[in-house]
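Residue 38 is where the sequence shown starts when you use this note's numbering, and the numbers rise one by one after that.
Every residue gets a Cβ at the ideal spot worked out from N, C-alpha and C, and that includes glycine.
These notes are about the structure you will find just below.
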Amino acid sequence: EEGRQHASKLDALAAILERLPAMQYKAGERDMAAMQHQVIVEYDQAAAKKAGLASSGGVIETRTSQLVLYGDSKVGGDSAMAKCVGLTAAAGVELMMGKGRLSGGVHIPTQPEVYKAVLALLQKEGVIFQEDSQI
């Protein structure tokens with residue numbers, strides 16, 4: 038493929054890497070994707086009470102969400118990254134085009150009716166986040 042034009046430098050790098058034997062998965066090998074999100078929530082006394090967190094003052098909560106996902110080990114199977122990206126996009130399309138779709142077109146995923154539905158669809162496909170909360 039020498040002299041071939043690539044759409045981007047990333048495409049050119051990918052073309053080089055896919056030709057290197059050391060970069061190829063061997064039979065039974067697979068990739069892994071790992072993510073962790075940590076959010077620190079500060080509640081004043083009124084918000085803590087509303088959230089059901091009894092306190093005479095403010096409350097600080099640390100919420101952690103973790104995902105460890107493995108790609109398929111069979112030849113031609115989906116990589117962990119393909120699952121994370123592709124299944125999330127597919128869940129969004131399902132919400133926009135499916136029977137229970139929300140009115141009004143595309144929605145930002147910070148709305149509970151959007152993210153809860155997407156997470157439920159991802160869970161069915163094995164993309165499961167482990168949630169933890171510490172006060």
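Exercise. Can you give the beta carbon distance from phenylalanine 166 to leucine 104, rounded, assuming they're within the 8 Å contact cut?
Worked result: 5 Å
For this session: Within 10 angstroms of the Cβ of valine 132, are there 16 or more other Cβ atoms? Answer buried if so, exposed if not.
Result: Per the sequence presented here, residue 132 reads as leucine, with valine not at that position. Answer is buried; the Cβ neighbour count reaches 16.
Problem set entry | Helix, strand or coil at threonine 101 according to DSSP, with G and I counted as helix | In the structure shown, threonine 101 sits in a strand (DSSP, three-state: E or B).
Exercise. Bridge partners of valine 78, per DSSP?
Worked result: Glu98
Exercise. By the 10 Å Cβ neighbour count, where 16 or more other Cβ atoms means buried, how is alanine 52 classified, buried or exposed?
Worked result: exposed
Exercise. The alpha helix (DSSP H) with glutamine 148 in it runs from where to where?
Worked result: Run containing glutamine 148: none; DSSP gives neither H nor E here.
For this session: Take every Cβ of the segment 150 to 157, pair it with every Cβ of the segment 75 to 91, and state whether three or more of those distances are shorter than 8 Å.
Result: These segments do not touch.
Exercise. Can you round the beta-carbon distance between leucine 159 and alanine 128 to whole angstroms, since I take them to be within the 8 Å contact cut?
Worked result: Contact holds; Cβ gap of about 6 Å.
Exercise. Helix, strand or coil for aspartate 109 per DSSP?
Worked result: coil
For this session: May I have the straight-line CA-CA distance separating glutamate 162 from serine 93, to the nearest angstrom?
Result: 43 Å
Exercise. What first and last residue would you give for the alpha helix (DSSP H) that runs through aspartate 48?
Worked result: 46 to 54
For this session: Using only alpha-carbon positions, find the residue among Gly113, Gly141 and Met72 that is nearest to valine 122.
Result: Met72
Problem set entry | Beta carbon of aspartate 169 nearer than 9 Å to that of serine 116 | No.
Exercise. For aspartate 68, which of Val78, Gln82, Lys111 and Asp48 has the nearest alpha-carbon?
Worked result: Lys111
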